[in-house]
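Reviewing the structure listed below.
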Amino acid sequence: MDPGLLRRPWRLLVTRWPWLCLAYLLAHLLGGLITWITISTVILFPLWARGWARVERRLVQCAGREALQEPAPHGGGVSWREIALALVTASLTPIGMLGAGALAVWVASTLLSPVSGAQRFTLAQVAASVGQPVAVALGLLSAPLVLWGLCAAAVANAWLSARLLSPRVEELEAQVQALAAAAVRTQDELLLERRLLQQQLHDGAQLQISVAGVRLGVLEYDLESAVGDQDRPQVLATLAQVRESLDGAVDAIRDAAQGLSPPLLRERGLGPALRALVRDLPLPVTVRAELPRAGEALEADLYFIAAEAVTNTVKHARATRATIDLRADERQVTLTITDDGAGGAKPTGAGLLGIGTRAARWGGSVALHSPTGAAPPDTGTQITVRIPWKEAP
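This is how it looks when you write it as structure tokens:
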């Protein structure tokens with residue numbers, strides 16, 4: 001709901017919001033009555049409080065709010081905020097009942113009784129004394145104010161529910177960190193599975209095809225003496241085609257196995273692997289890597305940190321060039337990725353959170369410098385990752 005509608009009561013008459021807000025308030029009256037029924041029971045009240053909180057997270061949409069986010073799992077029990085919502089709903093129910101009664105009296109007095117002639121209410125008698133047209137006109141003129149009151153009450157109630165049920169900033173940050181860590185774990189598991197598959201291809205299919213090639217060579221040697229001179233060229237040509245097919249299969253399996261994980265990272269280290277990574281990118285990337293072999297796990301994390309940073313540069317930075325600088329001393333490894341793009345990188349982005357998770361596994365840190373709208377030469381983005389490390393003697 002547009003908040004501006006509350007400042008223009010007459011416009012509320014031609015929107016759906018007053019009726020949605022009325023339905024929302026009636027639902028709260030019903031929820032409050034059920035709360036009063038269950039509040040004296042030890043078992044039913046917590047179950048109802050949790051169920052009512054789930055309903056309320058979606059019900060606030062009737063008052064113009066977005067649906068509230070579900071909380072992070074907390075062991076399956078009811079939270080104190082869900083209990084508080086149920087108690088607040090119950091405490092507001094008497095006020096809501098009084099308001100509903102007043103609304104019914106107002107409708108009967110100003111709209112129904114003057115038209116039907118019935119005078120069961122004191123207000124109806126007063127309305128009749130001033131005349132039916134005046135009473136009806138008074139009811140119609142006050143309708144926007146009443147509808148505004150319904151909407152204001154619903155908006156206030158939804159605001160209170162949001163304050164009670166919305167996850168706190170700390171909870172949201174913890175959820176984001178957990179998701180980033182889960183993404184990194186998934187990537188690591190995929191890398192491990194790829195390495196296992198690569199090993200199986202190398203030790204299994206590729207080895208068997210190589211053995212078949214050796215046996216084919218023996219068969220060629222035997223056939224040279226067993227086949228007559230007239231048929232020998234045709235047989236040898238067929239065998240040559242079979243050998244060519246086997247060689248092609250071996251090459252295809254080798255290429256597939258190498259594509260499952262960066263072979264240069266394992267065979268030659270980070271420097272060559274990073275240069276191969278940026279070779280075909282649509283912008284020039286300079287790689288300066290001065291790092292001895294640092295262990296497969298650390299090298300893999302540094303590789304994926306650089307890959308994630310460069311991917312963000314290509315996708316979002318609108319940069320014309322970038323630099324990857326990798327250095328190490330006796331205390332730490334420093335990986336710096338710099339570009340000359342537009343800046344404005346958000347530290348809460350999924351890519352940077354993944355980088356932070358990988359660095360944190362080694363007790364490292366991530367520093368981000370990415371001003372928006374800065375004047376040269378302070379433009380672009382710089383990500384600096386520092387990981388404690390002791391060079392092997």
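Under UniProt numbering, the residue at position 10 of the sequence shown is numbered 10, and the numbers go up by one with no gaps.
Quick reminder that beta carbons are idealized off the backbone N, C-alpha and C, glycines included.
Source: prediction; values computed, not measured.
Of the residues Y303, P388 and V310, the one placed nearest D340, counting alpha carbons only: Taking only the C-alpha atoms, the option nearest D340 is V310.
Local conformation of V287 per DSSP, three classes: In the displayed model, V287 falls within a strand according to three-state DSSP.
CB of A90 within 8 Å of CB of G51, strictly: Against a cut-off of 8 Å, the Cβ pair of G51 and A90 comes out as no contact.
Under 8 Å between C-beta atoms of A350 and L368: By the CB criterion at 8 Å, A350 and L368 fall outside the cutoff.
Exposed unless 16 or more other CB atoms sit within 10 angstroms - verdict on G373: Classification for G373: exposed.
Boundaries of the alpha helix (DSSP H) in which V55 is found, first to last residue: Its alpha helix (DSSP H) spans residues L44 to L59.
Distance, E66 Cα to V130 Cα: The predicted position of V130 is uncertain, since its pLDDT is 48 and thus under 50; a value taken from the coordinates is nonetheless stated next. A direct Cα-Cα distance of roughly 45 Å separates V130 from E66.
Residue range of the unbroken alpha helix (DSSP H) whose run includes V78: DSSP places V78 in no alpha helix (DSSP H); its state is neither H nor E.
Proximity of A158 and A63 at Cβ, strictly below 8 Å: The answer is yes: Cβ separation under 8 Å.
Proximal residues to residue 399 (C-beta, below 7 Å), its chain only, five neighbours per side dropped: Because the chain here runs from 1 to 393, residue 399 falls outside it and cannot be looked at.
C-beta atoms of L270 and E299 nearer than 8 Å: The answer is yes: Cβ separation under 8 Å.
C-alpha distance - K315 paired with A102, whole-angstrom precision: Each residue's Cα considered, the two are about 60 Å apart.
Helix, strand or coil at R327 [DSSP, three-state]: If DSSP states are grouped into helix, strand and coil, R327 belongs with the strands.
Alpha carbon of G217 to alpha carbon of A240, nearest angstrom: Spanning the two alpha carbons is a distance of roughly 10 Å.
P144, DSSP secondary structure in three states: Residue state, collapsed to three classes: helix.
Beta-carbon contacts of A154 that lie in its chain and below 6 Å, excluding the five residues immediately before and after: Answer for A154: C21, Y24, L25 and A63, listed in chain order.
Candidates T323, P94, L47 and A237: closest to E82 by CA position: Relative to E82, the option among T323, P94, L47 and A237 whose CA is nearest is L47.
Buried or exposed by the 16-neighbour rule on C-beta atoms within 10 Å, applied to R279: So R279 counts as exposed.
Close Cβ partners of T379 (< 8 Å) along its chain, the five nearest in sequence each way excluded: Contacts found: D340, G341, A342, G343 and P371.
I337 burial status per 10 Å Cβ neighbour count (16 or more: buried): Looking at its Cβ environment, which holds 16 or more other Cβ atoms inside 10 Å, I337 is buried.
Proximity below 8 Å, CB of P272 to CB of L264: Here P272 is near L264, since their CB atoms are less than 8 Å apart.
Pick from R318, Q69, T323 and W148 that is closest to R16, judged by C-alpha positions: If we check each option's Cα against that of R16, W148 comes out closest.
Residues that DSSP places opposite S365 in a beta bridge: Under the DSSP definition of a beta bridge, S365 partners with R386.
Classification of S40 by the beta-carbon crowding that lies within 10 angstroms, buried from 16 upward: Answer is exposed; the Cβ neighbour count stays below 16.
W19 classed as buried or exposed, judged by whether at least 16 other C-beta atoms fall within 10 angstroms: With fewer than 16 other Cβ atoms within 10 Å, it is exposed.
Supposed close pair I324, V287 - CB separation, criterion 8 Å: The beta-carbon distance between I324 and V287, rounded to whole angstroms, is 5 Å. This is short enough to meet the 8 Å contact definition.
Extent of the continuous alpha helix (DSSP H) to which D301 belongs: For D301, the enclosing alpha helix (DSSP H) stretches over residues E296 to N312.
Reduced DSSP secondary structure (H/G/I, E/B, other) of T122: Residue placement at T122 is poorly supported in this model, since its pLDDT is 45, which falls under 50; the coordinates still yield a value, given next. Look at T122 here: in three-state DSSP terms it is helix.
Cβ-based burial, D329 [other Cβ within 10 Å; buried from 16]: D329 is exposed by the Cβ-count criterion.
Backbone secondary structure at V130 - three-state DSSP: Bear in mind that a pLDDT of 48 at V130, under 50, signals an unreliable position, so the model cannot answer this.
From V14, E56 and I43, residue whose alpha carbon lies closest to that of L30: The option with the nearest alpha carbon to L30 is E56.
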